[in-house]
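The structure appears below as structure tokens.
Residue numbers (my numbering), protein chains in the order written: chain E, 23 to 136; chain W, 48 to 160.
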């Protein structure tokens, strides 16, 4: 099963709200990723977790807070977002092998900040 | 810094036509190259992964080739169908980029019935 699931599918939040995005995979992958994608642009990497430890933070503002509770789950906590943060948020996972592993993406969460 | 370019940016073809999508990259020190498909508002679906030591990979009507030394990859789609309409993205994983993928801007494909 090469499936990555994400919830919710859609999220509308105000600038003062706190919400969380969730991602889950059961492929035994040890690397998990958060990407942000704006319309008609490729995904932009935000965070990478490797073996449940944060290994890459691409200088993402602190209003985005990732969390990896276990090897199958990845959360993205959102607080005090701006309208320009509206985008499709994608989660992905991979084996985190010696460089040749394939990334599998989830369906995404469409986030709208009002 | 790795740069990935996809040509053309958009392509419209009649159903049944064979077509080629192009991807070029500036740094040949890569582990692999991955082709993805993305439908509007959806996630990315992995189509093919080519390791740096491989020349091509095939899956059904899709064939991807890799010429690492010249920094080029092509995705060949045989007998195109309206259901193939989507944006196709290529991404490379560089030897010095850790877990990062560098994406091209994509080719938006429309197959007309």
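From the three backbone atoms N, C-alpha and C, an ideal C-beta is built for every residue, glycine too.
In this text the structure is predicted, and so the values were computed from the model without any measurement.
Roughly how many angstroms separate the alpha carbons of residue 114 (chain E) and residue 67 (chain W), rounded to a whole number?
If you draw a straight line from the Cα of residue 114 (chain E) to the Cα of residue 67 (chain W), it comes to about 27 angstroms.
* To do: Return the CA-CA distance between residue 106 (chain E) and residue 72 (chain W), expressed in angstroms with no decimal places.
  => Annotation: residue 106 (chain E) to residue 72 (chain W) spans about 30 angstroms, alpha carbon to alpha carbon.
**Prompt:** Roughly how many angstroms separate the alpha carbons of residue 131 (chain E) and residue 61 (chain E), rounded to a whole number?
**Reply:** Taking the straight line from one Cα to the other gives about 13 angstroms.
Taking 8 angstroms as the CB-CB cut-off, is residue 64 (chain W) touching chain E?
For residue 64 (chain W), the answer is no, since every Cβ of chain E falls outside 8 angstroms of its Cβ.
For residue 94 (chain W) versus residue 82 (chain W), is the C-beta spacing smaller than 8 angstroms?
Against a cut-off of 8 angstroms, the Cβ pair of residue 82 (chain W) and residue 94 (chain W) comes out as a contact.
Using only CA atoms, which one of E:48, E:44 and E:28 lies nearest to residue 141 (chain E)?
For chain E, the structure presents residues 23 to 136; residue 141 (chain E) sits outside this window and is missing.
Q) When the Cα atoms are used, what is the spatial distance from residue 139 (chain W) to residue 51 (chain W)? A) Counting only the Cα atoms, residue 51 (chain W) lies some 8 angstroms from residue 139 (chain W).
Between the segment 104-120 of chain W and the segment 140-155 of chain W, can you find at least three pairs of beta-carbon atoms closer than 8 angstroms?
Remark: fewer than three beta-carbon pairs, one from each stretch, lie closer than 8 angstroms, so the segment 140-155 of chain W and the segment 104-120 of chain W are not flagged as touching.
Practice prompt. Please report how far the alpha carbon of residue 143 (chain W) lies from the alpha carbon of residue 80 (chain W), in whole angstroms.
Written response: Spanning the two alpha carbons is a distance of roughly 14 angstroms.
What residues in the segment 141-153 of chain W have a beta carbon less than 8 angstroms from any beta carbon of chain E? Answer set for the segment 141-153 of chain W: 142, 145, 146, 147, 148, 150, 151, 152 and 153.
- Query: Based on the DSSP secondary-structure assignment, which residues constitute the bridge partners of residue 160 (chain W)?
  - Reply: According to DSSP, which records beta bridges pairwise, residue 160 (chain W) is partnered with nothing at all.
Residue ranges of each beta strand (DSSP E) within the segment 91-137 of chain W, 3 or longer: Restricting attention to beta strand (DSSP E) runs no shorter than 3 residues, the segment 91-137 of chain W encloses them at 91-98, 103-106, 109-114 and 119-124, ordered along the chain.
Margin query: Can you pull the chain W neighbours of residue 70 (chain E), defined as C-beta to C-beta under 9 angstroms?
Written below: For residue 70 (chain E), the neighbours in chain W by C-beta distance under 9 angstroms run, in chain order, 145, 146 and 147.
Partner residues on chain E for residue 118 (chain W), Cβ-Cβ distance less than 9 angstroms
For residue 118 (chain W), there are no C-beta contacts with chain E under 9 angstroms, since the nearest C-beta of that chain is about 18 angstroms from it.
Discussion item. As an exercise, report each continuous alpha helix (DSSP H) stretch of at least 4 residues that is fully enclosed by the segment 66-92 of chain E, in chain order.
Written reply: Fully enclosed alpha helix (DSSP H) runs of 4 or longer: not present.
| What number of angstroms, rounded off, separates the C-alpha of residue 31 (chain E) from the C-alpha of residue 102 (chain E)? | Taking the CA atoms as reference points, residue 31 (chain E) sits about 20 angstroms from residue 102 (chain E).
* Can you find a C-beta in chain E that's less than 8 angstroms from the C-beta of residue 89 (chain W)? -> True, the Cβ-Cβ gap to chain E drops below 8 angstroms.
Within chain E, the residues that residue 94 (chain W) reaches when beta carbons sit closer than 7 angstroms:
Using a Cβ-Cβ cut-off of 7 angstroms, residue 94 (chain W) is close to nothing in chain E; its nearest Cβ partner there is about 10 angstroms away.
Helix, strand or coil for residue 30 (chain E)? Go by DSSP, reduced to three states. In the structure shown, residue 30 (chain E) sits in coil (DSSP, three-state: anything other than H, G, I, E or B).
Give a yes or no on whether the C-beta atoms belonging to residue 145 (chain W) and residue 76 (chain W) are separated by under 8 angstroms. Going by C-beta atoms, residue 145 (chain W) is not nearer than 8 angstroms to residue 76 (chain W).
CA-CA distance, residue 99 (chain E) and residue 160 (chain W)?
-> For residue 99 (chain E) and residue 160 (chain W), the distance between alpha carbons rounds to 44 angstroms.
Exercise for the section: Using a Cβ cut-off of 8 angstroms (strictly closer), state whether residue 105 (chain E) contacts chain W. Expected result: No, residue 105 (chain E) does not count as interfacial toward chain W.
Would you say residue 68 (chain W) reaches chain E, if we count a Cβ-Cβ gap shorter than 8 angstroms as a contact?
Under the Cβ distance rule, residue 68 (chain W) does not count among the residues neighbouring chain E, no pair being separated by less than 8 angstroms.
Checklist entry - Are any of the Cβ atoms in chain W nearer than 8 angstroms to that of residue 53 (chain E)? => result Residue 53 (chain E) has a beta carbon lying within less than 8 angstroms of a beta carbon in chain W.
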